[in-house]
Amino acid sequence: MKIEQYGKSSISVIKQKKSFFNDNDKHIEAQRKISNIYKQQPIRLCCKNCDKPLKKENDFIKDGIEYKVCDICTHLNGAYEDTNEFCNAIYTGDEGKDYAQNYKVSDIEDFNYRLSSIYIPKAEFLYTSLVNDNAAPHKMKYLDVGAGSGYFVGALNKIGLKNISGTEVSRYQVDFGNTMIGSDHLSVHEINDTNNLPKESDVDVVSLIGVLEHLQDPRGAMEYIKKNNRIKYIYISVPLFSLSVFLEMISNDAFHRQLSGGHTHLYTKKSLEYLADEFGFDIISEWWFGADIIDLYRQIFIDMKKSQCSKKIRNLFQDMITPLIDSMQFELDKKYASSEVHVLLKRK
Ligand SMILES: [Zn+2]
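Counting in the working numbering, the sequence shown tops out at residue 1805, every number present.
As structure tokens, this is what we get:
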């Protein structure tokens, strides 16, 4: 039976994303810089998800960028291509960092807190979904593509899985992650090889946690996975065209968390189902949760600050909304209207 899970406590997210409240102007500046590069790229002609031609008309303009909803699969597309130049400009920022630097105690504490609060639940959901499908998670092999600093790989390790590996383009993040986890689970791959990785991988489960939306050719990655019959499951987390995006349409003062930077397109329930079906997979479990209400709260809070509301008023607002965040978000999650989803796909 298919698992459908909704909601997640927001408190750890709020604690770890304080910078979105405190450093709003800095985040907006970075957002504008990337938007300006994105706007200079050639026009995107085909939907990033279904590859069918996109209509000419735009549906909305946000931060100077035009967006259109695909008539075929409902995927939300930015009007420009994410070219090599664009990807190089935004994804290779770690290159100058010192690989062999000594990490601070606070780095280790922050790493473990993030791993435990955010990534263990993701790992646990995968584990439960596999068990629900009568699979034996301990006997399976896992590859995490776009592993970043190894939070998800570290979480799989923590819940007791053994045959795990992760791969990532940033040498800095790989070194940092391996040091933090205390293993050599992570390795580096060339950015152009990302799609090739699943081609020959001898694993049962490929995970793409917050990765598919950043790939230049997500369909290419899916095609290689499809061709490798050894891979039985794909575990995906993607950002969605949700309430947060509507909030971003009406405000330029608060940082756009959902549709900006490396997110030049967003999934919908329907576009994700389209993708799974096209590449020969069934969705066997779903976990819907999001940060839309935190975004709403943040946007109002920032607008209040800019409109010179007193600290007392802002505190009143904060005290009123904070206890409501999870229950309000839960209503969105239950209706598949949240900003994020985790799905486990199984080969048909
Ligand atoms: Zn489409």
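For each residue, glycine too, the CB sits at the ideal point set by N, CA and C.
Exercise for the section: Within 10 angstroms of the Cβ of E1625, are there 16 or more other Cβ atoms? Answer buried if so, exposed if not. Expected result: Here residue 1625 refers to the residue found at position 168 of the sequence shown. Buried, since its Cβ has 16 or more Cβ neighbours within 10 Å.
Practice task
Can you give me the start and stop residues for the beta strand (DSSP E) that K1519 sits inside?
Solution key: Locating residue 1519 in the sequence shown gives position 62, where the first residue counts as 1. Residues 1517-1519.
Practice task
Anything with a beta carbon under 5 Å from a heavy atom of ligand 1 counts; list them all in chain order.
Solution key: C1504, N1506, C1507, C1527, I1529, C1530, H1532
Handout entry: Proximity test, Cβ basis, 9 Å: K1505 and chain B
Key = The chain labelled as chain B is not found in the depicted structure, where only one protein chain is given.
Problem - Nearest to Y1463 (by Cα), restricted to the options I1751, G1747, M1777 - result: Working through the sequence shown from its first residue, we reach residue 1463 at position 6. When only C-alpha atoms are compared, the closest one is G1747.
Handout entry: For K1598, the first and last residue of its enclosing beta strand (DSSP E)
Key = On the sequence shown, position 141 is the one that residue 1598 refers to. Note, K1598: beta strand (DSSP E), 1598-1602.
Practice task
Count the C-beta pairs between the stretch 1761-1781 and the stretch 1628-1644 that are closer than 8 Å, then say yes if the count reaches three, no if not.
Solution key: no
Problem - DSSP three-state assignment for E1625, whether helix, strand or coil - result: Start at 1 with the first residue of the sequence shown, and residue 1625 comes out as number 168. DSSP places E1625 in strand when its eight states are reduced to three.
Problem - Residue closest to K1803, alpha-carbon to alpha-carbon, out of S1658, N1545, N1686 - result: Here residue 1803 refers to the residue found at position 346 when the sequence shown is read from its first residue. Comparing Cα-Cα distances from K1803 to each of S1658, N1545, N1686, the minimum goes to N1686.
Problem - Sheet register partners of G1439 (DSSP bridge) - result: Because residue 1439 is not part of the residues shown, which for the chain are 1458 to 1805, the question remains open.
Handout entry: Those residues which DSSP pairs with D1462 across a bridge
Key = Taking the sequence shown and counting its residues from 1, the one referred to as residue 1462 is at position 5. Looking at the sequence provided, one finds Gln at residue 1462 rather than Asp. Per DSSP, W1744.
Problem - Reference A1536; option with closest CA among E1542, L1665, L1511 - result: In the sequence shown, residue 1536 corresponds to position 79, counting from 1. With distances taken between Cα atoms, A1536 lies closest to L1511.
Exercise for the section: Would you list the residues sitting across from Y1499 in a DSSP beta bridge? Expected result: Mapped onto the sequence shown, residue 1499 falls at position 42. The question names Tyr, yet the displayed sequence has Pro at residue 1499. Beta-bridge pairing links P1499 to no other residue.
Problem - E1788, DSSP secondary structure in three states - result: Within the sequence shown, numbered from 1, the residue matching residue 1788 stands at position 331. Three-state result, E1788: helix.
Practice task
Determine, using beta carbons only, whether M1597 and N1569 come nearer to each other than 9 Å.
Solution key: As a working note, residue 1597 is residue 140 in the sequence shown. As a working note, residue 1569 is residue 112 in the sequence shown. Not a contact, by the Cβ cut-off of 9 Å.
Practice task
Assuming P1696 contacts S1796 (C-beta within less than 8 Å), just tell me the rounded distance between them.
Solution key: What you label residue 1696 is simply residue 239 of the sequence shown in a count that begins at 1. What you label residue 1796 is simply residue 339 of the sequence shown in a count that begins at 1. 6 Å between Cβ atoms; contact.
Exercise for the section: Run the CB neighbour count on D1674, radius 10 Å, all protein chains shown included, and call it buried at 16 or more, exposed below. Expected result: Within the sequence shown, the letter at position 217 stands for residue 1674. When all chains shown are included, D1674 counts as exposed.
Exercise for the section: Confirm, please, whether the CB-CB distance from S1492 to I1522 is below 9 Å. Expected result: Residue 1522 sits at position 65 when you count from the first residue of the sequence shown. Residue 1492 sits at position 35 when you count from the first residue of the sequence shown. Yes, they are a contact pair.
Practice task
Following the continuous alpha helix (DSSP H) through V1470, name the residue where it begins and the one where it ends.
Solution key: To locate residue 1470, count along the sequence shown from 1; it is residue 13. Segment 1468-1473, the alpha helix (DSSP H) holding V1470.
Handout entry: C-alpha distance - E1657 paired with S1573, whole-angstrom precision
Key = For the purposes of this step, residue 1657 is taken as residue 200 along the sequence shown, with counting starting at 1. For the purposes of this step, residue 1573 is taken as residue 116 along the sequence shown, with counting starting at 1. Roughly 31 Å between the two C-alpha positions.
Problem - Own chain, CB closer than 6 Å to K1792, minus 5 neighbours either side, in chain order - result: Counting from one through the sequence shown, the residue named residue 1792 turns up at place 335. Closer than 6 Å at Cβ, skipping near neighbours: no residue.
Practice task
Kindly indicate which three-state DSSP category D1480 falls into: helix, strand or coil?
Solution key: Along the sequence shown, one-based indexing puts residue 1480 at 23. Of the three classes helix, strand and coil, the one that applies to D1480 here is coil, per DSSP.
Exercise for the section: Just mark G1553 as buried or exposed, buried being the case when its beta carbon has 16 or more other beta carbons within 10 Å. Expected result: Looking up residue 1553 in the sequence shown gives position 96. In this prediction, G1553 scores a pLDDT of 48, lower than 50, which makes its location untrustworthy; the coordinate-derived value is nonetheless stated afterwards. It is exposed - the Cβ of G1553 has fewer than 16 other Cβ atoms within 10 Å.
Problem - Three or more C-beta pairs below 8 Å linking the stretch 1728-1735 and the stretch 1700-1718 - result: no
Handout entry: Proximity below 9 Å, CB of V1645 to CB of R1628
Key = Here residue 1645 refers to the residue found at position 188 of the sequence shown. Here residue 1628 refers to the residue found at position 171 of the sequence shown. For V1645 and R1628, yes; Cβs fall inside 9 Å.
Handout entry: Simplified DSSP assignment, three categories, for V1660
Key = Mapped onto the sequence shown, residue 1660 falls at position 203. V1660: coil per DSSP, three-state reduction.
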